[in-house]
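Scroll down for the structure; my scribbles are underneath it.
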Amino acid sequence: MPRYFRLVCPVEHMELVEDLLRAQEYSFTPVPFSPWARRLVDEPKPLGASIAAAFGLIYIQDRSSMLAPLFLQPPDGGLVVDMCASPGSKSGLLAQLVGQAGLVLANEPNERRLGTLRHNLSAMNLAQVATCCYPGQRLSLREGSMPYILLDPPCSGWGTAERNPRIREIWPEHKLKPLVDLQRELLRQASRMLAPGGRLLYSTCTTNAMENQEQVQWALDSLDLSASTMPVLPGVSSAVSRSGHRSWMQVDAEVSEGQGFFFALLEKPGQADLEDAGHHVRFDMLGEPVDVRAFYGHESVSWEKLPPGRIVKFNKRVVFLHEKTGFFPKTLFWQGFELGRVHGRALHLNTRLRLLLPKFHSQAGLRIDDIRDLQALLQGRSLPLPAHLAQGVHAGPMGLYWRELPLGWLTVKGARCLWSPR
């Protein structure tokens, strides 16, 4: 099955990211249903080992998995909850769709998988995501408060048979009742949280009707939900669906180049009114406000590139809190986007935090044109600084660029520099 991936960068950097991939002899083609999606054609070595992947500029994702956020269609500036989010594939694409003015709350019930979720979102530089860890059926959000919800619950995974040939042995039909019961609990909670006029996208990676069509019919019969027409996505033809129903779709893995996902779009009757959603979180109660001008080297950091919100400190951790987290109730325990750690008067930024890199300037950053030098940095080797940088006194972090493409932050030691993935 062909591999798919998506670009995770601003529009103005897309061409440079593609050039970086081509410099390592990868080739790919665009995918019509999303400007960020690409279909891999030539893979000289595993795509996950590419330089672009190391710096979080691409995310490898199954074609069908990309469709769930696109069917939900949250608008720019939208507020979305992903109820079962790890490893972050769909949360990441949702964050790209809502942009910096929007916010995604990515909930992962499994504490062991929560770290993977946060790591991936951090690598993708998606500051418009907050994370939390609750059983989805007990997610502590107010009734009728969320305009967009993605529910991709635990399922039997029958649609992944090409990748997992024994999946039907692991999850035979007679063992599915606990999964079906859990899915209904999650659907009930999603319906409770969904705002009037809001949309709920239910998604699984199984072909089993008990977890798909029958669950949707149960939701329509038992919950305050109605069917909504699935949007038409370019390049996603009805030929890949075994269902002619307008509100749900079953992907046929044999012809679609993606796994056998199921999607259903539901909505709550009524009109959305989020004007009184209420900023129930008092920001002055969350962490210690931070004045970034107090840190050494703050001048080299483009703080203005963060979304609307504020920067606070929890012990030594420096965290960004998006302004839309004010919609969360006081009872919700959540985490913002970590920027780095404080040591004395120095802020050690996460080295992959390219979001805060300014436009390249030869006096303040290191530009690399040779792929071999980037590979050396990724292997832990240090590089000599150019003479004009080595002779100056540099306080604080130094930006790393491939041509004009921001990559991350270097550590400077004397006349040499190095990069480490933290």
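This note's numbering applies: residue 1 is where the sequence shown begins, and numbers increase by one. Each residue gets a CB set at the ideal place from its N, CA and C atoms; glycine is no exception.
Can you check whether the CB of S302 is closer than 7 angstroms to the CB of L356? On the sequence shown, position 356 is the one that residue 356 refers to. On the sequence shown, position 302 is the one that residue 302 refers to. Yes, they are a contact pair.
Cβ separation of A415 and L385, assumed to be a contact under 8 angstroms, to the nearest whole Å: By one-based count along the sequence shown, residue 415 stands at place 415. By one-based count along the sequence shown, residue 385 stands at place 385. Contact holds; Cβ gap of about 5 angstroms.
Looking only at its own chain, which residues have a Cβ that is under 6 angstroms from the Cβ of V236, when we skip the five neighbours before and after it? Position 236 of the sequence shown holds residue 236. Excluding positions up to five away in sequence, the list reads F33.
In the structure shown, what three-state DSSP assignment does L332 receive? Your numbering for residue 332 matches position 332 in the sequence shown. Note: L332 maps to coil in three-state DSSP.
Classify M249 as helix, strand or coil using the three-state DSSP reduction. As a working mapping, residue 249 is identified with position 249 in the sequence shown. DSSP places M249 in strand when its eight states are reduced to three.
Under the three-state reduction of DSSP, which class applies to W409: helix, strand or coil? Here residue 409 refers to the residue found at position 409 when the sequence shown is read from its first residue. The answer is strand: DSSP assigns W409 an E or B state.
Does the beta-carbon of H322 have 16 or more other beta-carbons within 10 angstroms, so that it is buried, or is it exposed? Numbered from 1 along the sequence shown, position 322 holds the residue referred to as residue 322. It counts as buried.
Nearest CA to the CA of L121: which residue from P109, Q96, E15, R317? On the sequence shown, position 121 is the one that residue 121 refers to. L121 has its Cα closest to that of Q96, out of P109, Q96, E15, R317.
Is the beta carbon of L151 less than 7 angstroms from the beta carbon of M83? On the sequence shown, position 151 is the one that residue 151 refers to. On the sequence shown, position 83 is the one that residue 83 refers to. Against a cut-off of 7 angstroms, the Cβ pair of M83 and L151 comes out as a contact.
Can you tell me the Cβ-Cβ gap for K268 and L220, rounded? I've got them flagged as a contact below 8 angstroms. Here residue 268 is taken as the residue at index 268 of the sequence shown, counted from 1. Here residue 220 is taken as the residue at index 220 of the sequence shown, counted from 1. In fact, because the Cβ distance is near 12 angstroms, the residues do not count as touching under 8 angstroms.
Helix, strand or coil: how does DSSP classify F5 here? Start at 1 with the first residue of the sequence shown, and residue 5 comes out as number 5. If DSSP states are grouped into helix, strand and coil, F5 belongs with the strands.
Taking the straight line between their C-alpha atoms, what separation do you get for R282 and M398? As a first step, residue 282 is located in the sequence shown; it is residue number 282 there, counting from the start. As a first step, residue 398 is located in the sequence shown; it is residue number 398 there, counting from the start. Residue placement at R282 is flagged as unreliable, the pLDDT there being 48, under the threshold of 50; the coordinate-derived value follows with that caveat. Going from the Cα of R282 to the Cα of M398 covers about 35 angstroms.
Helix, strand or coil for M146 per DSSP? Here residue 146 refers to the residue found at position 146 of the sequence shown. If DSSP states are grouped into helix, strand and coil, M146 belongs with the strands.
Helix, strand or coil: how does DSSP classify P289 here? The residue you call residue 289 lines up with position 289 of the sequence shown. Correct three-state label for P289: strand.
Which residue's Cα is closest to the Cα of C132: R142, V104, P154, N125? As a first step, residue 132 must be located in the sequence shown, where it is residue number 132. That would be V104, whose Cα lies nearest to the Cα of C132.
Nearest-angstrom beta carbon gap, F261 and S203 [assumed within contact, 8 angstroms]: As a working note, residue 203 is residue 203 in the sequence shown. As a working note, residue 261 is residue 261 in the sequence shown. The Cβ separation is near 6 angstroms, so the contact holds.
Between L126 and R118, what straight-line distance do the alpha-carbon atoms span, to the nearest angstrom? To locate residue 126, count along the sequence shown from 1; it is residue 126. To locate residue 118, count along the sequence shown from 1; it is residue 118. Answer to the nearest angstrom: the Cα atoms are 10 angstroms apart.
Taking the C-alpha atoms as reference points, what is the distance between G309 and R352? Position 309 of the sequence shown holds residue 309. Position 352 of the sequence shown holds residue 352. The straight-line gap from Cα to Cα measures roughly 21 angstroms.
Where DSSP assigns a beta bridge to A209, which residues make up the other side? As a working note, residue 209 is residue 209 in the sequence shown. None; A209 has no bridge partner.
Buried or exposed by the 16-neighbour rule on C-beta atoms within 10 Å, applied to C9: Start at 1 with the first residue of the sequence shown, and residue 9 comes out as number 9. Looking at its Cβ environment, which holds 16 or more other Cβ atoms inside 10 Å, C9 is buried.
By how many angstroms is the C-alpha of V31 removed from the C-alpha of R38? Working through the sequence shown from its first residue, we reach residue 38 at position 38. Working through the sequence shown from its first residue, we reach residue 31 at position 31. Spanning the two alpha carbons is a distance of roughly 5 angstroms.
Assuming L94 and I58 form a contact by the criterion Cβ under 8 angstroms, report the distance between their Cβ atoms to the nearest whole angstrom. Taking the sequence shown and counting its residues from 1, the one referred to as residue 94 is at position 94. Taking the sequence shown and counting its residues from 1, the one referred to as residue 58 is at position 58. Contact doesn't hold; Cβ gap of about 17 angstroms is too wide.
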